[in-house]
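> So the protein sequences, as listed, match chains A and B. Per the UniProt record's numbering, numbering of the first sequence is gapless, rising by one per residue and ending at 582. Per the UniProt record's numbering, numbering of the second sequence is gapless, rising by one per residue and ending at 582. Beta carbons: idealized from backbone N, C-alpha and C, even for Gly. What follows is a structure written as structure tokens; I'll ask about it next.
2 protein chains.
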Amino acid sequence: MRASQFFVSTLKEAPSDAEIVSHKLMLRAGLIRKVAAGIYTYMPMGLRVIRKVENIVREEMDRAGALELTMPMVQPAELWQETGRWDKMGDELLRFKDRHERDFALQPTSEEVITDTARQELKSYRQLPKNFYQIQTKFRDERRPRFGVMRGREFTMKDAYSFDRDVDAAGRSYDAMYAAYCRIFDRMGLTYRAVAADTGAIGGDRSHEFQVIADTGEDAIVYCPQSDYAANIELAEALPLLASRAAPGADLVKTPTPGKATCADVAALLGVPLETTVKSLVLATDDVDEAGQPAGVTVWLLLVRGDHELNEVKAGKLEGLKNGFRFASEAEILEHFGCKPGYLGPIGLLKPVKVVADRTVANMADFICGANAEDFHYTGANWGRDLPEPDLVADIRNVVAGDPSPDGKGELAIQRGIEVGHVFYLGTKYSKAMNATFLDEDGRPKPFEMGCYGIGITRIPGAAIEQNHDERGIIWPDAIAPFQAVICPVGWGRSEAVRDTATALYEALRAAGIDAILDDRDERPGVMFADWELVGVPHRITIGDRGLKEGQVEYQGRRDAEATKLAVDGLAEAVLARLALR
Amino acid sequence: MRASQFFVSTLKEAPSDAEIVSHKLMLRAGLIRKVAAGIYTYMPMGLRVIRKVENIVREEMDRAGALELTMPMVQPAELWQETGRWDKMGDELLRFKDRHERDFALQPTSEEVITDTARQELKSYRQLPKNFYQIQTKFRDERRPRFGVMRGREFTMKDAYSFDRDVDAAGRSYDAMYAAYCRIFDRMGLTYRAVAADTGAIGGDRSHEFQVIADTGEDAIVYCPQSDYAANIELAEALPLLASRAAPGADLVKTPTPGKATCADVAALLGVPLETTVKSLVLATDDVDEAGQPAGVTVWLLLVRGDHELNEVKAGKLEGLKNGFRFASEAEILEHFGCKPGYLGPIGLLKPVKVVADRTVANMADFICGANAEDFHYTGANWGRDLPEPDLVADIRNVVAGDPSPDGKGELAIQRGIEVGHVFYLGTKYSKAMNATFLDEDGRPKPFEMGCYGIGITRIPGAAIEQNHDERGIIWPDAIAPFQAVICPVGWGRSEAVRDTATALYEALRAAGIDAILDDRDERPGVMFADWELVGVPHRITIGDRGLKEGQVEYQGRRDAEATKLAVDGLAEAVLARLALR
């Protein structure tokens with residue numbers, strides 16, 4: 001491509017509503033332009049990145065035996081009603097009526113449509129396994145679209161759905177997708193981790209997120225540098241930090257802590273480590289009887305160490321909480337604790353409360369907790385002596401860096417990540433809801449064992465930029481750069497030697513299959529360099545009269561601190577060698 | 001691709017709601033599956049065709065210097081309100097509200113969004129010309145979606161938009177697109193015509209439809225076999241069939257024609273040629289005064305020869321009718337003609353009526369027309385003698401086969417066609433409405449001269465099938481076939497020789513870049529042949545033990561009546577030679 005024939009549109013400043021670096025750089029480099037909140041046009045420069053991402057995904061999906069199809073963006077309500085998602089999904093599912101007042105939605109994913117296809121098309125076990133995928137526009141009506149392509153409303157997703165005879169076969173489909181995803185993100189040149197994730201109501205251990213590592217990532221991901229353990233924070237298991245409970249060593253004392261409503265403040269006031277305090281969190285469940293009628297409220301007190309955070313996903317898996325919970329109201333707290341939040345604790349309850357202690361809390365002795373009296377905490381509290389043993393001991397906290405790895409092989413570390421892919425075993429959730437069955441070898445109908453596998457195509461450029469940028473702009477990995485190399489001729493308009501050398505190199509790179517751009521705009525070097533460093537082209541060759549007199553041109557990799565000289569003789573080969581190094 | 005790894009899903013019968021052959025065959029061949037009215041999933045077999053169509057379009061658009069981008073499917077009302085199309089477009093524009101009650105529409109085309117992009121991005125004449133295109137999902141909420149992909153609601157369109165400095169430059173952009181379209185449809189192997197089309201309010205002569213010729217086409221296209229004249233029926237000029245008006249030769253006679261309300265019936269009753277009769281059509285315009293207030297109704301009588309049809313597009317260009325017209329009500333007809341329809345004519349009107357005669361009618365003498373009295377017609381009517389000269393003489397009829405070509409080079413013929421592309425000069429219609437200007441060389445802001453250029457990507461397979469099919473199924477042109485060649489091994493499961501020969505040929509074709517499928521399903525020959533003839537793969541090689549014993553396999557082109565023998569020695573080369581012939 002010649003730059004004069006292309007559309008290079010860079011901005012000095014990003015619009016003020018761009019909050020994160022990838023959003024700012026994508027706007028400044030002319031990759032995207034905003035059309036409405038969370039809705040963008042992919043400009044020619046941006047679309048080149050998207051197409052390269054799509055092609056890698058497509059090649060690896062095909063290699064893994066998946067079959068591409070395209071489901072509609074506009075989907076009828078009837079299918080979504082079969083699974084109940086028409087009602088269950090929030091406003092993210094954009095619903096509307098057509099001219100005949102029939103209900104439709106814009107696809108956020110396509111489990112319903114593909115399961116409908118499968119129940120019509122896959123009649124026999126002989127047709128299994130099958131894995132269908134599409135690379136197609138999706139829409140989620142986010143309440144607060146932001147971060148550019150990272151949390152947009154209209155986006156492109158690759159979504160795949162596998163159909164298998166049984167759990168074992170579904171496991172093989174899952175493993176094949178896991179392997180394909182590793183190849184995909186390897187080929188894209190991204191630093192990523194596949195981390196175990198929560199499977200929710202589906203159960204089992206087959207759910208992995210593919211997270212691009214970036215300090216600015218929304219997600220916390222947990223790993224063990226000494227082993228291959230990796231999970232997202234929602235799932236990562238927190239072992240007890242105390243192997244056993246020590247004997248009581250202090251008396252229970254009701255201690256004035258005026259105005260100190262947080263563990264940190266109390267610890268500071270008393271001059272003790274935060275690790276000696278216990279934090280109280282009060283939840284409530286609205287119980288129903290066997291007939292499904294309301295049957296009162298159960299109040300829950302969850303206890304984690306003062307320096308720990310409650311993990312709501314883990315709490316949501318506990319017996320009694322797994323059908324849904326909420327934080328207790330102030331009235332419910334007063335009724336059960338006789339005190340307002342900030343000074344709550346497990347000692348001296350007015351009414352029965354289910355007490356759940358985190359594994360570490362359950363082994364603490366002489367701990368500090370709220371006294372259920374405003375401006376007072378207890379010190380020297382001990383299980384069994386000052387209060388009953390907890391009703392339940394469970395892992396209900398987020399791990400923190402330095403915690404022992406659940407596999408016993410070292411200490412956990414935490415990174416930030418951006419989710420770009422997710423592989424998920426669905427079981428028979430959708431096939432049973434939609435009565436999607438096949439005839440098995442024994443002649444009996446069985447529901448498909450399913451899996452679903454997503455990749456956020458339009459999110460990947462954003463994640464790649466969050467991971468790879470500097471103060472001058474984007475630094476693309478070669479495989480997904482809009483152009484692999486840029487040739488910057490200095491004095492294009494006035495020097496035939498520069499034009500000839502630049503054009504010859506351009507043609508040689510093109511002939512070698514390199515996606516190069518020749519900057520024939522006749523701009524000053526400063527303008528060219530600023531543009532291409534902002535756009536993030538990974539390799540630059542600068543050709544000027546001064547160098548040519550000495551038979552030399554300059555090569556500079558986007559991450560290189562300085563340019564290096566290359567001889568004009570054998571120039572194309574030398575440049576190709578540089579490209580091959582990446 | 002091996003058939004066992006692919007998804008071949010053919011049906012013996014098409015669903016009963018499939019009306020036309022392409023719809024039936026696309027369903028039977030497993031190319032598409034219906035999700036809702038006018039909304040389809042493109043199954044793997046169908047998507048292969050779509051991808052090949054897209055690739056040809058993309059290559060030729062790129063070759064023509066157009067730049068690909070992707071605009072959003074969900075577009076904000078504000079842009080559509082700027083051009084007035086938010087209100088002017090009918091229910092085809094699917095409008096809805098997002099969760100914040102803001103108005104959006106699904107794109108049917110993208111003039112507004114691209115013009116908005118241009119006014120932000122293209123500031124100087126130095127950046128022109130530019131042509132941006134996208135290949136993207138569109139939605140039109142058709143009242144009655146039908147004919148499968150031919151008139152669906154969700155579809156894929158390639159839409160391009162050119163931006164130029166002036167009319168001449170816009171003409172060059174137009175010509176470049178016209179040439180690209182010819183290359184595109186040539187490469188697809190389709191028989192088509194580029195026909196001049198109406199430009200409506202834009203004016204000028206730069207509007208061409210690309211019509212795939214098929215007897216089942218919705219559109220009538222007019223051409224001259226002796227010249228390069230071609231136009232759609234709406235535009236094709238009808239010359240007068242009588243060079244001048246003969247002198248009156250008969251007396252005006254009010255003739256009883258009881259119950260004969262059509263020209264054909266009257267001519268039959270009287271035993272005269274249909275060409276001696278004149279048909280009366282009554283229109284009305286609702287007039288407004290200078291302040292835009294209603295100012296009564298004007299009634300129009302349009303006269304065409306009895307064997308001709310009124311052309312409403314031509315009528316709509318007449319002074320007085322070009323701001324919109326309707327057919328007159330029965331009350332209006334009675335008021336002006338004193339008679340009900342069927343016996344209307346230009347002689348003896350009760351109230352003033354604007355009389356418009358077709359060019360041919362204006363030169364008729366001794367003609368027959370309604371007498372404005374039930375069950376009576378006049379014979380021997382003559383302009384000037386029996387009634388005043390018409391208020392207006394104009395071309396207001398459709399041409400018919402045998403009419404003289406407007407270029408004077410022969411006689412017109414008529415074919416049926418399916419519109420698959422349209423190139424259109426827009427002028428400044430959108431740029432003025434949206435105040436989209438650039439700074440010209442003289443430092444003054446000027447509105448962009450625009451053109452728009454569409455190709456119905458998902459309609460092309462339907463059109464190709466309407467043009468190319470037989471009683472056994474589809475006959476794809478090589479360039480857009482889902483597979484170029486199929487290898488059918490007879491006895492895959494039992495004969496190693498068959499497997500080896502088939503596999504070797506498959507690998508050789510693949511290595512040569514041929515998109516072949518190896519049918520390793522171990523089906524009987526009849527099943528294989530029926531499937532691949534239905535699917536329409538253009539080349540088939542059948543390999544069986546019997547032939548192999550004589551060192552032979554069978555080749556059959558999809559249009560060939562019989563198979564021909566090919567020697568196993570040099571088989572791949574022989575097959576490649578056959579493929580190259582197409």
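Can you list, in chain order, the stretches of the beta strand (DSSP E) that have 3 or more residues and sit fully within the region 5–86 of chain A?
DSSP runs (the beta strand (DSSP E)) wholly in the region 5–86 of chain A: 32–36, 39–42 and 74–76.
> Measuring only between beta-carbons, confirm whether residue 314/B sits less than 9 angstroms from chain A.
Working through the second sequence from its first residue, we reach residue 314/B at position 314. Chain A contact via Cβ: absent.
> Between the region 79–104 of chain A and chain B, which residues of the former have CB atoms less than 7 angstroms from a CB of the latter, in chain order?
The region 79–104 of chain A vs chain B, Cβ under 7 angstroms: 91, 94, 96, 98 and 99.
> What is the rounded straight-line gap between the Cα of residue 142/A and the Cα of residue 490/A?
For this step, residue 142/A is matched to residue 142 along the first sequence. For this step, residue 490/A is matched to residue 490 along the first sequence. One C-alpha to the other measures close to 47 angstroms.
> Closer than 8 angstroms by beta-carbon distance: list the chain B residues that pair up with residue 143/A, in chain order.
For the purposes of this step, residue 143/A is identified with residue 143 of the first sequence, where counting begins at 1. Per Cβ cutoff of 8 angstroms: 99.
> Using a Cβ-Cβ distance under 9 angstroms, would residue 50/A count as near chain B?
For this step, residue 50/A is matched to residue 50 along the first sequence. True, the Cβ-Cβ gap to chain B drops below 9 angstroms.
> Examine chain A for any beta-carbon lying closer than 9 angstroms to the beta-carbon of residue 506/B, and answer yes or no.
Taking the second sequence and counting its residues from 1, the one referred to as residue 506/B is at position 506. So no, residue 506/B is outside the interface.
> Buried or exposed: which applies to residue 564/B, given that a residue is buried once 16 or more other Cβ atoms fall within 10 Å of its Cβ?
What you label residue 564/B is simply residue 564 of the second sequence in a count that begins at 1. Exposed.
> Since residue 368/B sits in a beta bridge, which residues does DSSP pair it with?
Locating residue 368/B in the second sequence gives position 368, counting from the first residue. Its beta-bridge partners are 277/B.
> So, at 6 angstroms on beta carbons, what are the nonlocal neighbours of residue 569/A in its own chain, with the 5 sequence-adjacent residues on each side left out?
Reading the first sequence from its first residue, position 569 is the one you call residue 569/A. No residues qualify anywhere along the chain.
> Determine which residues share a DSSP beta bridge with residue 596/A and list them.
Outside the shown range of chain A (1 to 582) lies residue 596/A, about which nothing can therefore be said.
> Taking only runs of the beta strand (DSSP E) that begin and end inside the region 141–217 of chain B, which ones reach a length of at least 3 residues, in chain order?
You should have 154–164, 192–196 and 207–213.
> Spell out whether any CB of chain A is found under 9 angstroms from the CB atom of residue 484/B.
Translated into positions along the second sequence, residue 484/B becomes position 484. Chain A, which has no Cβ nearer than 9 angstroms to the Cβ of residue 484/B, makes this no.
> By Cβ distance below 8 angstroms, which residues in the same chain neighbour residue 351/B in space, the five residues on each side in sequence not counted?
For this step, residue 351/B is matched to residue 351 along the second sequence. Cβ neighbours of residue 351/B beyond the five flanking positions: 299, 335 and 336.
> When Cβ atoms are compared, which residues of the region 65–77 of chain B fall closer than 9 angstroms to chain A?
Cβ contacts with chain A come from 65, 67, 68, 69, 70, 71, 72, 73, 74, 75 and 76.
> Are the C-beta atoms of residue 579/B and some chain A residue less than 9 angstroms apart?
As a first step, residue 579/B must be located in the second sequence, where it is residue number 579. Taking Cβ atoms only, chain A never reaches closer than 9 angstroms to residue 579/B, which makes this a no.
> Under 8 angstroms, with one C-beta from each stretch per pair, do the region 408–418 of chain B and the region 217–226 of chain B reach the 3-pair mark?
Touching, per the Cβ criterion.
> Just reading off the alpha helix (DSSP H) that residue 503/A is part of, what are its end residues?
In the first sequence, the residue the question calls residue 503/A occupies position 503. Unbroken alpha helix (DSSP H) run through residue 503/A: 496–511.
> Can you check DSSP and say which residues form a bridge with residue 469/B?
Numbered from 1 along the second sequence, position 469 holds the residue referred to as residue 469/B. In the DSSP output, where bridge partners are listed per residue, residue 469/B has 474/B.
> Shorter than 9 angstroms from the beta carbon of residue 33/B to some beta carbon of chain A?
Position 33 of the second sequence holds residue 33/B. Chain A contact via Cβ: present.
> Between which two residues does the beta strand (DSSP E) holding residue 542/B run?
Sequence index remark: in the second sequence, residue 542/B carries index 542 (1-based). Per DSSP, residue 542/B belongs to the beta strand (DSSP E) from 539–544.
> Pull out every residue of the region 134–161 of chain B whose Cβ sits closer than 9 angstroms to any Cβ of chain A, in chain order.
From the region 134–161 of chain B, only 134, 136, 137, 139, 141, 142, 143, 153, 154 and 156 have a Cβ closer than 9 angstroms to chain A.
> For a test of the three-state rule: what should DSSP assign to residue 336/B, helix, strand or coil?
The residue labelled residue 336/B in the question sits at position 336 within the second sequence. If DSSP states are grouped into helix, strand and coil, residue 336/B belongs with the helices.
> For residue 127/A, which three-state DSSP category applies?
Position 127 of the first sequence, counted from the first residue, corresponds to residue 127/A. Of the three classes helix, strand and coil, the one that applies to residue 127/A here is helix, per DSSP.
> Name the chain B residues that come within less than 7 angstroms of residue 47/A, Cβ to Cβ?
Stepping through the first sequence from its first residue, residue 47/A is reached at position 47. By Cβ distance, chain B contributes 68, 69 and 70.
> Just the C-alpha distance for residue 427/B and residue 95/B, rounded to the nearest angstrom, thanks.
Taking the first residue of the second sequence as position 1, residue 427/B is located at position 427. Taking the first residue of the second sequence as position 1, residue 95/B is located at position 95. Going by the C-alpha atoms only, they are around 27 angstroms apart.
> Which one of 546/B, 539/B and 472/B has the shortest CA to CA distance from residue 10/B?
For the purposes of this step, residue 10/B is taken as the residue at position 10 of the second sequence. For residue 10/B, the nearest C-alpha among the options comes from 472/B.
> Name the residue from 320/A, 392/A, 250/A and 353/A whose alpha carbon lies nearest to the alpha carbon of residue 368/A.
If you number the first sequence from 1, residue 368/A lands on position 368. With distances taken between Cα atoms, residue 368/A lies closest to 250/A.
> Does DSSP put residue 114/A in a helix, a strand or coil?
Residue 114/A sits at position 114 when you count from the first residue of the first sequence. Here residue 114/A sits in helix by DSSP.
> How long is the line joining the alpha carbons of residue 75/A and residue 112/A, rounded to whole angstroms?
Stepping through the first sequence from its first residue, residue 75/A is reached at position 75. Stepping through the first sequence from its first residue, residue 112/A is reached at position 112. Spanning the two alpha carbons is a distance of roughly 9 angstroms.
> Would you say the region 96–104 of chain A touches the region 135–151 of chain A, given that touching needs at least three Cβ pairs under 8 angstroms?
No: the two stretches stay apart, fewer than three of their Cβ pairs being nearer than 8 angstroms.
> Does any residue of chain A bring its CB to less than 9 angstroms from the CB of residue 531/B?
For this step, residue 531/B is matched to residue 531 along the second sequence. For residue 531/B, the answer is no, since every Cβ of chain A falls outside 9 angstroms of its Cβ.
> Can you give the Cα-Cα distance for residue 90/A and residue 109/A, rounded to whole angstroms?
On the first sequence, position 90 is the one that residue 90/A refers to. On the first sequence, position 109 is the one that residue 109/A refers to. Roughly 14 angstroms between the two C-alpha positions.
> Give me the subset of the region 506–523 of chain B whose CB atoms are less than 9 angstroms from a CB atom of chain A, sorted by chain position.
Cβ contacts with chain A come from no residue of the region 506–523 of chain B.
> Would you give the residue range spanned by the alpha helix (DSSP H) that residue 528/A belongs to?
What you label residue 528/A is simply residue 528 of the first sequence in a count that begins at 1. Start and end: 525–535.
> Output, in sequence order along the chain, the residues in the region 7–36 of chain B whose CB is closer than 7 angstroms to any CB in chain A.
Going along the region 7–36 of chain B in chain order, one finds 7, 9, 33, 35 and 36 with a Cβ nearer than 7 angstroms to chain A.
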